[in-house]
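Here this note's numbering = 1-based position in the sequence shown + 8.
Just so you know, even glycine gets a beta-carbon here, dropped at the ideal spot from N, CA and C.
For reference, the structure discussed in these notes is given below.
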Amino acid sequence: MDYINAAILGVIEGITEFLPISSTGHLIIAEQWLGHRSDMFNIVIQAGAILAVTIIYWRRLLDLVLGWRDPANRDYAAKLIVAFLITSILGLVVKKLGFELPETATPIAWALIIGGIWMIFAEWAAARKAPHKEITWLVAILVGIAQIVAGIFPGTSRSGATIFVAMLAGTGNRAAATEFAFLVGIPTMYAASGYELLKTFKDGGAANEDWTALGIAFVVSTIVAFVAVKWLLAYIRSNRFTLFATYRIILGVLLLGMAATGVIA
């Protein structure tokens with residue numbers, strides 16, 4: 009059963025990490041039936057999802073590195089770096105201050121609902137603008153800040169926050185906003201996972217882990233995330249994010265109801 013549960017959690021993480029629907033919101037429901045997840049387990053399944061996105065964008069990443077002589081590539085890479093640095097610096101400040109909301113049902117539910125409304129508004133506002141593909145410096149700065157906001161408020165969804173900030177800040181094109189948000193997320197999430205992994209090993213939290221279950225969860229998360237992101241990139245070419253916004257609101261209301269009736273904590 010432990011291996012089956014690990015695979016199920018890997019599927020949930022793989023589907024929800026990069027879709028703008030909040031992996032935290034789904035995993036908090038799943039753990040009510042599948043048991044509490046260790047910090048190490050969370051890091052491993054998230055790493056699987058990050059690896060999947062890295063594989064999907066490997067050509068783009070390689071082009072940015074090898075094609076640095078191209079002014080357009082240098083400009084794009086510089087904006088990715090700035091967004092990453094903003095997130096890293098602010099993230100360290102937030103960690104030092106110890107400011108983080110608890111991952112409990114009620115705040116996550118409200119984050120899901122508010123985020124869903126925010127997505128509907130962002131789609132409406134972006135539709136009124138010309139669909140520019142250019143990533144401006146303002147977009148890069150705001151995306152860096154949005155990643156911190158998503159980290160502080162569980163249930164916000166890192167991908168949702170960054171994509172829609174990019175769209176509202178001037179990149180009205182859904183595909184361009186999504187690509188930038190995902191590319192920024194790669195170094196950000198690797199750095200965050202690496203930091204948490206080192207911390208877990210230092211605190212002795214990895215001593216009693218079931219490494220077979222971790223391996224299963226990692227592989228499943230990687231495969232499912234690869235399929236989910238590929239599907240999302242195809243879906244947004246001709247569809248809005250309204251479906252995800254509606255789903256978030258419904259899930260948030262469901263979570264509030266489950267918390268109110270004592271089904272989940």
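| Asked | Found |
| --- | --- |
| For Arg166, report the span of its alpha helix (DSSP H) as first-last. | Arg166 to Leu176 |
| Straight-line CA distance for Ala91 to His140? | 19 Å |
| For Ile257, which three-state DSSP category applies? | helix |
| Since Pro28 and Met127 are thought to touch, with beta carbons under 8 Å apart, how far apart are those beta carbons, to the nearest angstrom? | 7 Å |
| What do you get for Val73, buried or exposed, if any count of 16 or more other CB atoms within 10 angstroms of its CB means buried? | exposed |
| Kindly indicate which residue of Thr114, Glu217 and Ala148 has the alpha-carbon position closest to the one of Ser185. | Residue 185 is actually Ala in this sequence, not Ser. Minimum Cα distance to Ala185 is reached at Ala148. |
| DSSP on Thr179, reduced to helix/strand/coil? | coil |
| Return the CA-CA distance between Asn247 and Ala214, expressed in angstroms with no decimal places. | 43 Å |
| Give me, in chain order, the residues of the same chain whose beta-carbon lies closer than 8 Å to that of Thr179; leave out the 5 immediate sequence neighbours on both sides. | His140, Lys141, Glu142, Ile143, Thr144, Val147, Ala185 and Phe188 |
| Mind checking which residues open and close the alpha helix (DSSP H) that includes Val61? | Asp47 to Ile64 |
| What is the residue span of the alpha helix (DSSP H) that Glu131 lies within? | Ala113 to Ala135 |
| For the structure I just gave you, are there three or more beta carbon pairs, one from the region 243-262 and one from the region 42-57, closer than 8 Å? | no |
| Quick one, are the C-beta atoms of Thr230 and Leu59 less than 8 Å apart? | yes |
| Kindly list the residues whose CB is nearer than 8 Å to the CB of Trp76, restricted to its own chain and excluding five residues on each side of it in sequence; keep chain order. | Arg82 and Ala85 |
| For the putative contact between Leu251 and Ala117, defined by C-beta atoms under 8 Å, what is the C-beta separation to the nearest angstrom? | Going by Cβ atoms, the distance from Leu251 to Ala117 rounds to 19 Å, so no, they are not a contact pair. |
| Can you give me the Cβ contacts of Thr32 inside the same chain, cut-off strictly under 7 Å, excluding the 5 residues immediately before and after it? | Glu111, Ile116, Pro162 and Gly163 |
| Ser3 by DSSP, collapsed to three states: which one? | Residue 3 lies beyond the range of the chain shown here (9 to 273); nothing can be said about it. |
| State buried or exposed for Arg67, treating a residue as buried only when at least 16 other CB atoms are found within 10 Å of its CB. | exposed |
| Compute the distance between the beta-carbons of Leu176 and Ala135, then report whether it is under 8 Å. | no |
| Just to confirm, are Val19 and Val228 a CB contact at a threshold of 8 Å? | yes |
| Is Asn13 helix, strand or coil when you go by DSSP? | helix |
| How many Å lie between Ile36 and Leu17 at the Cα? | 11 Å |
| Helix, strand or coil, according to DSSP, for Leu70 in the structure here? | helix |
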